[in-house]
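Encoded as structure tokens, the structure appears first; notes follow it.
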Amino acid sequence: MSDRVDDALERELLIAERRMRIAERVRAQGSASVGELGRSLGISASTVRRDLVWLEKREAIARTWGGAMASKPDAIRRTDDITLSSRQRENMREKALIAKAAADLVSDGDAVVIDAGSTTELMAEHLLVRQRLTVITTSLPLAWALRGHANIELIVTGGHVQTRASSLVGVLAEQTLSQLYADIAFIGARGLTPANGLTNPVLEEVPMKRLMVRIARRSVALVDSTKWGRVFMGLIVPVNGVSIVVTDNAAPSGMRGEVELQGTEVLIAE
């Protein structure tokens with residue numbers, strides 16, 4: 268990527284981080300004023316108001332006179348409580364094809380970092396045929412599937428266990444990832460649009476996914492067609508923040524074209 272693209276990506280990630288912090292504070296307290304949010308984050312009142320408008324459109328908060336309050340907590344909780352086992356039963360054929368196509372991007376000798384998720388977990392069987400792989404992962408099921416194979420050096424990040432996805436998150440996991448480099452990263456996302464990028468509803472997973480993209484020379488998003496057109500509160504990266512999106516042939520062709528116009532390859536798994 269050019270320096271100009273890198274700078275633009277960094278700005279977008281800083282904005283996303285700020286909005287996440289606003290939403291988390293409002294949800295934790297139940298409500299917050301514009302002045303309070305501005306003081307706590309060191310930003311202007313006009314910036315807070317713009318962010319509140321953005322968050323309200325995504326039903327993350329509800330704006331009030333002079334501030335915001337938590338919005339639809341039951342709906343947010345239901346979205347966050349979808350477990351890995353539930354997602355594994357959805358679109359299994361498409362996810363299996365995507366996993367195989369993603370694994371085909373890996374070469375012998377690569378250092379690979381792999382996100383937790385129902386699709387990335389399916390990559391395990393296809394990686395066993397590769398030689399001299401180093402696999403770094405936050406996924407407990409993936410680590411278990413790859414354990415004990417002489418051709419794979421396995422690195423598990425450690426950290427806090429996020430039970431919904433059987434993944435490792437938090438400061439310890441982030442510190443481990445931040446000290447490593449990889450040839451290629453594979454991440455999942457629960458939403459993708461050309462305008463809003465790759466998004467996720469579980470905010471504690473977002474920094475891990477973002478770090479995986481940052482430490483890898485190439486990054487690949489595994490996103491089946493049901494995720495296209497959906498937007499969640501946590502921005503992972505804009506679509507041009509990843510090198511390739513692997514999806515199935517039911518992904519909307521118009522959106523696929525818009526993603527490719529931003530410089531990201533869309534690979535259809537068939």
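Mind the numbering: the sequence shown is residues 268 to 537 in this note's numbering, read in order. Every residue gets a Cβ at the ideal spot worked out from N, C-alpha and C, and that includes glycine. Owing to the predicted nature of the structure, the values given are computational and were not obtained by experimental measurement.
Going by C-alpha positions, S374 is about 10 Å away from D450. Bridge pairing for T401: A378 and E420 [DSSP].
In this structure the segment 501-513 touches the segment 523-534; the number of beta carbon pairs closer than 8 Å is three or more.
Within the segment 431-476, the runs of beta strand (DSSP E) at least 3 residues long that lie entirely inside it are, in chain order, 434-436, 449-455, 458-460 and 464-467. DSSP places R497 in the coil class of the three-state scheme, outside both helix and strand.
Annotated three-state conformation of Q529 is coil, per DSSP. Shown here, R414 sits in coil according to DSSP, grouped into three states, outside any helix or strand. A Cβ-Cβ separation of about 11 Å leaves L407 out of contact with G426 under the 8 Å criterion. For V513, the uninterrupted beta strand (DSSP E) segment begins and ends at I511 to T514. When secondary structure is reduced to three states using DSSP, I282 falls in the helix class. Residue pairing by DSSP places Q429 opposite S434 in a beta bridge. In the structure shown, L304 adopts helical secondary structure according to DSSP, grouped into three states.
Segment contact: the segment 414-428 against the segment 481-492, fewer than three CB-CB distances shorter than 8 Å; contact not assigned. For L322, the uninterrupted alpha helix (DSSP H) segment begins and ends at A312 to K324. The secondary-structure analysis by DSSP pairs A295 with nothing; it has no beta-bridge partner.
For S385, there is no enclosing beta strand (DSSP E); the residue is part of the alpha helix (DSSP H) that begins and ends at S385 to E388. Per DSSP, reduced to three states, the secondary structure at L534 is strand. Sequence-distant partners of E471 (beyond 5 residues in either direction) whose C-beta falls short of 6 Å from its own C-beta, in its chain, are V436. Contact between V498 and G458 is confirmed by a C-beta separation of about 5 Å, below the 8 Å threshold.
Judged by DSSP secondary structure, L395 falls outside any beta strand (DSSP E); it is assigned neither H nor E. Using a Cβ-Cβ distance cut-off of 8 Å, the segment 366-373 and the segment 316-329 are not in contact, since fewer than three pairs of beta carbons, one from each stretch, lie closer than that value. With contacts defined as CB atoms closer than 8 Å, L502 and T466 qualify as a contacting pair. DSSP lists A335 as the bridge partner or partners of R330. With distances taken between CA atoms, T514 lies nearest to R360 out of R360, S298 and R285. Looking only at G302, Y448, D371 and Q429, the smallest Cα-Cα distance to A378 is reached by Y448. Contact check for S307 and R292: beta-carbon distance about 7 Å, within the 8 Å limit, so the pair qualifies. Within 10 angstroms of the beta-carbon of V480 lie 16 or more other beta-carbons, which makes it buried. Distance between K494 and A456, taken at the CA atoms: about 8 Å. When C-alpha distances from E388 are compared across I454, L372, V428 and A337, the shortest belongs to I454.
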